[in-house]
Amino acid sequence: MIKKINITFIFIIILLLFTMNIFASIELGDTSTQVKEVQQMLNNLGYEVSIDGIYGYRTKETIKDFQRSNGLTADGIVGEKTLNFLIKRTEDITYVVKKGDSLSELAIKFNSTAAIIREKNQLNSNKIVAGRTILIPKSGMGDGRIENVYKKIDHKIQAGDALSILAKKYGSSVQAIKRANNLRDNQILVGQTLTVPHLSKGVDRVFALNINSLIWPVKGRISSPYGNRIHPITGKRQFHGGIDIAVPTGTQIRAAADGKVIKSGWVNGFGYTIVIDHGKRVRTLYGHNTRLLVKSGSVVKKGDRIALSGSTGESTGPHLDFRIYLNGETVSPLNYLP
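The sequence shown stops at residue 343 when you use the numbering used here, and every number in between is there.
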């Protein structure tokens, strides 16, 4: 009888230990493949964290950011609830393409980009066929749609062509064409192929393509430019969708143009963030602030104070991450700032 009780007791202990192992929390100092999986999910959501399988201070602070933005207790510990939230937030959306759907419209609807959807589904172009099932990755940008502003067309230069003629023909501008093709002057050659950005139907041309439409949100040194860079945390070469402007904590951040605030709060990776819709299918993002001075729904004028700079979210020091969204993609702010 005693032997039977002992066997039963041992079985219960083993069962409890096995159960505890399945739902074991991940804490500071842990190293495992599960830590790597958590880090990968954070990366997929837009957080900048090294995928090394080590649950260090950087990963812990990133988890706290994620917990805050999802209404969880920000203790930096990955328990069952936090893990379930991570899994739910990173699941791809399965979507069956309907007649009349376009990749750009789906990008808007699901807060993604055409480029991300193309890459996920290994598409060679933006063409999609009704009835096809595609996967749409969830965005780490937070809420707020990104809308189409301009399209691009390739034009092969013919005899008699000039930038001014192309600008008039496609409803573009000489400056926009030069920026799109990295031209230093107006000289073009017969046979040369140029990319001509032209606005979608119904879009205000003056705002989207005039370099004087925006002002600098803050003056300071550009500590990280737009484009490919060596990531300061991971040490890997990654694409940076904005410009980082180094300024002391508490520096006033101003609206780059007139518009309506559509986001004022915590955004994954960006910390305390402002997103402004400028009414002409153009949006700007201001990330890593320490304090937000305007609320969602507020109408702001160019130059209005909207935030105080800081180092919240995934950040290595006080700065402003400034981004411009056009056509569902980020573009270099330096092409649009005076």
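The beta carbon of each residue, even a glycine, is placed where N, CA and C say it ideally should be.
Remember, predicted model here, so these are calculated numbers, not experimental data.
Between the beta-carbon of THR289 and that of THR317 there is about 18 angstroms, and that puts the pair past the 8 angstroms contact cut. Per DSSP, GLN257 is not a residue of any alpha helix (DSSP H); the beta strand (DSSP E) it occupies stretches across 257–259.
Between GLN72 and ILE56, the C-beta spacing is not below 8 angstroms. Per the Cβ contact rule, the region 185–197 is not in contact with the region 217–234 (fewer than 3 Cβ pairs under 8 angstroms). Around the C-beta of ILE133, 16 or more other C-beta atoms lie within 10 Å, and the residue is accordingly described as buried.
Secondary structure note for TYR60: it is in no beta strand (DSSP E), with a DSSP letter that is neither H nor E. For PHE327, no alpha helix (DSSP H) encloses it; the enclosing beta strand (DSSP E) starts and ends at 324–331. Contact annotation: the region 333–343 does not touch the region 300–310, with fewer than three C-beta pairs closer than 8 angstroms. Where THR138 is concerned, the enclosing beta strand (DSSP E) starts and stops at 138–141. Remark: three or more beta-carbon pairs, one from each stretch, lie closer than 8 angstroms, so the region 317–327 and the region 276–283 are flagged as touching. Pairing LEU313 with GLY255 gives a Cβ-Cβ distance under 8 angstroms. Considering only ILE158, GLY136, THR87 and ALA120, the residue with the shortest C-alpha distance to PRO142 is ALA120. If you draw a straight line from the Cα of GLU32 to the Cα of VAL43, it is about 12 angstroms long. Scanning THR200, ASP70 and LYS300 for the CA closest to the CA of LYS265 turns up LYS300. Under the three-state reduction of DSSP output, TYR175 falls in the helix class. In its chain, beyond the 5 residues on either side, ILE216, SER218, LEU219 and ILE329 have a beta carbon closer than 8 angstroms to the beta carbon of TYR341.
With distances taken between CA atoms, ALA260 lies nearest to HIS283 out of HIS283, VAL272, ASP97 and ALA251.
Residues of the same chain with a CB within less than 7 angstroms of the CB of ALA29, apart from the 5 flanking positions on each side, do not exist. Our two residues, LEU108 and ILE122, have alpha carbons roughly 8 angstroms apart in a direct line. Your pair LEU140 and ASN126 checks out as a contact, with CB atoms roughly 6 angstroms apart and the cut at 8 angstroms. DSSP places ASP159 in the strand class (E or B) of the three-state scheme. Counting the other Cβ atoms within 10 Å of the Cβ of THR67 gives 16 or more, which makes it buried. If the five residues before and after GLY34 are omitted, its C-beta is found closer than 7 angstroms to the C-beta atoms of TYR60, all from its own chain and listed in chain order. The Cβ atoms of VAL195 and ILE162 lie closer than 8 angstroms to each other.
Counting C-beta atoms within 10 angstroms of its own C-beta, ARG226 has fewer than 16 neighbours from the protein chains shown and is therefore classed as exposed. Looking from the CA of ASP80, the closest CA among TYR62, VAL101 and THR95 belongs to TYR62.
In the displayed model, ASN126 falls within a helix according to three-state DSSP. Between LEU325 and VAL223, the CB-CB gap stays under 8 angstroms.
Going by beta carbons, THR138 and THR99 fall inside the 8 angstroms limit. Assigned with DSSP and collapsed to three states, ARG189 falls in coil, not helix or strand. In terms of Cβ geometry, ALA172 and ILE158 do not form a close pair [threshold 8 angstroms]. Of the candidates PHE327, ARG310, ILE281 and LYS93, the residue whose Cα lies closest to the Cα of GLY232 is PHE327.
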